[in-house]
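*Asks:* Take this structure first; my questions come after.
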Amino acid sequence: MIEERYFIDFYEFSDVLHDVQITLGGAESHGVLCGLLCVQGSIDVAAWISYIDSSEHANNAEGPHSLSEEQRITLTKVRSETMRQLNDAECNFQPLLPSDNNPLGARTEALSEWSRGFLFGLVSGGLKKIDPIPAIVNEVVRDLVALSQADHVNTDSDNDNEAAYAELVEYLRSAALLTYEELQPPEKVPTLQ
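Residue numbers -6 to 186, in the working numbering, belong to the letters of the sequence shown in order.
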């Protein structure tokens, strides 16, 4: 059976969030999703929306915003593909950030927003209830607190700035995968003796 994959388009995802009046941007909303998945292992779209929706619509009797079928499908695909990437043995997970053809300042801001979202997702998902919290997860949290306050990288050259940004994105990717692996370890396959 071939596993279906979905390319997550940052701009399509951000447009859906905007259309349903979610004030968080695409990077931060994806960070929240990743943090929630790391702690809870799975989450449905309605629950995820309730975490990222700070408006008065979030907890009304009808549930979260009324989503069109197309919007629901897009959000479900983002959630499913993110879960698949976090579980992928090939470590193909990527934080959802603007493309490299955007100005570095905008990308750095999105990286900071993704970090804030990830931290929010970890805490909201119940990280504080895990005792003891694995040391590597504590280290990731400390690092992401610093990254969540990141400002534009200032070095002498654009190449240095781009290299620094690429290293930070790689760190986010690795941090999310490590956190997921620590908090959602794969089930051990019984061995024959």
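Think of the CB as a built atom: it goes at the ideal place given N, C-alpha and C, for glycine as much as any other residue. In this text the structure is predicted, and so the values were computed from the model without any measurement.
Do V25 and F86 have their beta-carbon atoms positioned less than 8 Å apart in this structure?
*Replies:* The residue labelled residue 86 in the question sits at position 93 within the sequence shown. The residue labelled residue 25 in the question sits at position 32 within the sequence shown. Going by C-beta atoms, F86 is not nearer than 8 Å to V25.
*Asks:* Using a Cβ-Cβ cut-off of 6 Å (strictly less than) and excluding sequence neighbours within five positions of E163, which residues of its own chain qualify?
*Replies:* Your numbering for residue 163 matches position 170 in the sequence shown. Counting only Cβ-Cβ distances below 6 Å, and skipping sequence neighbours, we find nothing.
*Asks:* Would you identify the three-state DSSP class for T16, choosing helix, strand or coil?
*Replies:* Translated into the one-based positions of the sequence shown, residue 16 becomes position 23. Correct three-state label for T16: coil.
*Asks:* Just to confirm the assignment, what range does the alpha helix (DSSP H) spanning A143 have?
*Replies:* As a first step, residue 143 must be located in the sequence shown, where it is residue number 150. A143 -> no alpha helix (DSSP H), and no H or E assigned at all.
*Asks:* Just list the alpha helix (DSSP H) runs in the region 70 to 121, keeping only unbroken ones of 4 residues or longer that don't cross its boundaries, in chain order.
*Replies:* Those alpha helix (DSSP H) runs which fall completely within the region 70 to 121 and span 4+ residues are 97 to 118.
*Asks:* Going by C-alpha to C-alpha distance, which of R77, E74, Q33 sits closest to Q121?
*Replies:* Residue mapping note: residue 121 aligns to position 128 of the sequence shown, counting from 1. Here residue 121 is Lys; the residue named in the question, Gln, does not match the sequence. Ranking R77, E74, Q33 by Cα distance to K121 puts Q33 first.
*Asks:* Do you know how far the Cα of S141 is from the Cα of V189?
*Replies:* Limits of the chain in this structure are -6 at one end and 186 at the other, which puts residue 189 out of reach.
*Asks:* Helix, strand or coil: which one does DSSP assign to Q64?
*Replies:* Counting from one through the sequence shown, the residue named residue 64 turns up at place 71. Helix.
*Asks:* For S108, which residues from the same chain have a beta carbon less than 6 Å from its beta carbon, with the 5 sequence-adjacent residues on both sides left out?
*Replies:* Taking the first residue of the sequence shown as 1, we reach residue 108 at position 115. L137, L140, S141, listed in sequence order.
*Asks:* Check the C-beta distance from R72 over to V38 and give it rounded, since I have them as a contact under 8 Å.
*Replies:* As a working mapping, residue 72 is identified with position 79 in the sequence shown. As a working mapping, residue 38 is identified with position 45 in the sequence shown. Correct: roughly 6 Å between the Cβ atoms.
*Asks:* Could you check the C-alpha separation between L29 and Q177 for me, to the nearest Å?
*Replies:* Mapped onto the sequence shown, residue 29 falls at position 36. Mapped onto the sequence shown, residue 177 falls at position 184. Answer to the nearest angstrom: the Cα atoms are 11 Å apart.
*Asks:* List the endpoints of the continuous alpha helix (DSSP H) containing S167.
*Replies:* Reading the sequence shown from its first residue, position 174 is the one you call residue 167. Counting along the chain, the alpha helix (DSSP H) containing S167 begins and ends at 151 to 176.
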